[in-house]
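Numbering (UniProt numbering), first residue to last: 1 to 203.
Glycine is no exception: its CB is placed at the ideal position from the N, C-alpha and C atoms.
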């Protein structure tokens, strides 16, 4: 059954969509800026950048990751890869992991509190009802686990949908803590080294 929406609610929906476009433009601008500074294509520039921001850099990055999960208007893939490029493989993974796990827990709890109306602020009705239909199937939890392991699944949408289920908070945290390392590493590896792998295969 479709949710009847007030004019005020529709306004907030459109506002968030507009903010999403602004966030995308801002993210692309930031990527170009980092590239022109040499941060993305010079290992020495990366090291200098990290050394100059040893405290605030990681803290701000984790907060950005939390924000992009809770309010998915910033492309999460861009920030995830940026973490590996800026902080290196180990710290990049750690900061990504912390931000995504904390953000996912907050997102799950927000849906538990506010329900489907919160989800529909960020997800169009067609997508929402497609995934909501899976809630009635016996294998939803298995489906959710597989999606959390996958680097290409709509993770934030599925976290929100799972907030509507009877899965306990403790079980939800256990699933994402065990599954997320695989999707974070594989997603970043594909984006960072995918081009080189394709060249190797073709040649």
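Through-space distance from residue j to residue i, alpha-carbon basis
i, j, result
"residue 167", "residue 33", "43 Å"
"residue 89", "residue 67", "22 Å"
"residue 155", "residue 183", "10 Å"
"residue 116", "residue 36", "42 Å"
"residue 84", "residue 188", "7 Å"
"residue 100", "residue 29", "23 Å"
"residue 209", "residue 130", "The structure shown does not extend to residue 209, since the chain is modelled only from 1 to 203, so the question has no answer here."
"residue 150", "residue 127", "18 Å"
"residue 71", "residue 142", "25 Å"
"residue 91", "residue 107", "24 Å"
"residue 171", "residue 65", "22 Å"
"residue 103", "residue 63", "9 Å"
"residue 163", "residue 61", "25 Å"
"residue 52", "residue 77", "25 Å"
"residue 56", "residue 69", "20 Å"
"residue 54", "residue 14", "38 Å"
Residue-level contact to chain B via CB, residue i, 7 Å cutoff
i, result
"residue 153", "Looking at the structure shown, chain B is missing, and only one protein chain is on hand."
Residue from the options whose Cα sits closest to the Cα of residue i
i, options, result
"residue 152", "165, 180, 175 and 140", "180"
"residue 7", "121, 54, 89 and 83", "121"
"residue 59", "94, 85 and 71", "94"
"residue 186", "56, 86 and 148", "148"
DSSP-derived helix/strand/coil call for residue i
i, result
"residue 124", "coil"
"residue 59", "helix"
"residue 138", "coil"
"residue 166", "coil"
"residue 83", "helix"
"residue 152", "coil"
"residue 68", "helix"
"residue 115", "coil"
"residue 6", "coil"
"residue 99", "helix"
"residue 77", "helix"
"residue 92", "helix"
With 16 other Cβ atoms within 10 Å as the buried cut-off, status of residue i
i, result
"residue 133", "exposed"
"residue 11", "exposed"
"residue 124", "exposed"
"residue 79", "buried"
"residue 137", "exposed"
"residue 113", "exposed"
"residue 158", "buried"
"residue 87", "buried"
Other residues of its chain near residue i: CB distance less than 8 Å, five sequence neighbours each side excluded
i, result
"residue 145", "175 and 179"
"residue 97", "180, 181 and 184"
Close-in-space but distant-in-sequence residues of the same chain around residue i (CB under 7 Å, 5 per side omitted)
i, result
"residue 165", "135 and 140"
"residue 118", "110 and 111"
"residue 105", "173"
"residue 177", "101"
Cβ shell of residue i (< 6 Å), same chain only, five flanking positions each side left out
i, result
"residue 161", "131"
"residue 169", "none"
Residue i: CB within 6 Å of a non-hydrogen atom of the ligand NAP
i, result
"residue 133", "The ligand NAP is not part of this structure, which contains no ligands at all."
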